[in-house]
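Here the structure is laid out as structure tokens; the discussion comes afterwards.
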Amino acid sequence: FAVFGFVYASGPGGLIYNKLYPKLLPGRPFLTALIDNLTNTPFLYMPLYYGLAEIIKDVAKNELFTRSASGMLSSAFTVWASNFPEDFKMSCTFWIPSQAFNFYFFPVHLRMTVMGAIGFGWIAILSAF
143 FAVFGFVYAS GPGGLIYNKL YPKLLPGRPF LTALIDNLTN TPFLYMPLYY
193 GLAEIIKDVA KNELFTRSAS GMLSSAFTVW ASNFPEDFKM SCTFWIPSQA
243 FNFYFFPVHL RMTVMGAIGF GWIAILSAF
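Sequential numbering from 143 applies to the sequence shown in the working numbering.
Take a look at the structure:
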């Protein structure tokens with residue numbers, strides 16, 4: 143999870159939360175949280191998560207680079223698609239209120255830090271289900 147958090151926060155997450163949302167949706171924390179969970183989370187965050195999970199599985203089995211990139215992506219897509227309904231429901235239930243709180247009470251430069259702290263709860267939820 144730490145590797146994924148670093149990859150996401152330092153790349154697309156940082157751009158989305160620190161640049162894109164403040165510019166497109168300034169002062170609209172609840173709308174931002176809703177849009178985030180209907181677009182970014184299911185179609186960027188979760189596919190990246192499952193893609194990186196495939197790499198980590200291969201590393202754990204000492205089988206890194208034994209599958210083609212298309213094989214890994216295909217496997218990641220299959221798991222993402224299979225888990226999508228439950229992941230989407232849990233994500234919206236957890237992250238919409240969490241992000242609304244984050245976007246309302248914290249300045250832009252702290253959003254990713256707050257998300258990281260809240261993310262410990264999210265990891266516990268993902269691990270339990």
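Where is the CB? At the ideal position from N, CA and C, for every residue including glycine.
Short of 7 Å in beta carbon distance, which residues of its chain neighbour residue i, apart from the five on each side in sequence? Order them along the chain.
| i | result |
| --- | --- |
| Pro-171 | Ala-242, Phe-245, Tyr-246 |
| Asp-229 | Met-188 |
| Arg-209 | Asp-200 |
| Tyr-150 | Tyr-187, Leu-190 |
How many angstroms separate the CA atom of residue i from the CA atom of residue j?
| i | j | result |
| --- | --- | --- |
| Gly-263 | Met-232 | 12 Å |
| Ile-177 | Pro-168 | 13 Å |
| Ile-260 | Ile-197 | 25 Å |
Would you kindly check if the distance between the Cβ of residue j and the Cβ of residue i is under 8 Å?
| i | j | result |
| --- | --- | --- |
| Val-250 | Pro-154 | no |
| Phe-226 | Pro-184 | yes |
Which residues in the same chain as residue i place their Cβ atom closer than 8 Å to its Cβ, once the five residues preceding and following it in sequence are excluded?
| i | result |
| --- | --- |
| Arg-253 | Tyr-159, Asn-160, Asn-244, Phe-245 |
Could you tell me which of the options sits nearest to residue i, measuring between CA atoms?
| i | options | result |
| --- | --- | --- |
| Trp-237 | Leu-215, Ser-212, Ile-265 | Ile-265 |
| Tyr-191 | Ser-240, Leu-173, Phe-148, Glu-205 | Phe-148 |
Would you check whether the ligand SAM has a heavy atom nearer than 7 Å to the C-beta of residue i?
| i | result |
| --- | --- |
| Trp-264 | By its list of ligands, the structure shown contains no ligand whatsoever, and the ligand SAM lies outside what it can speak to. |
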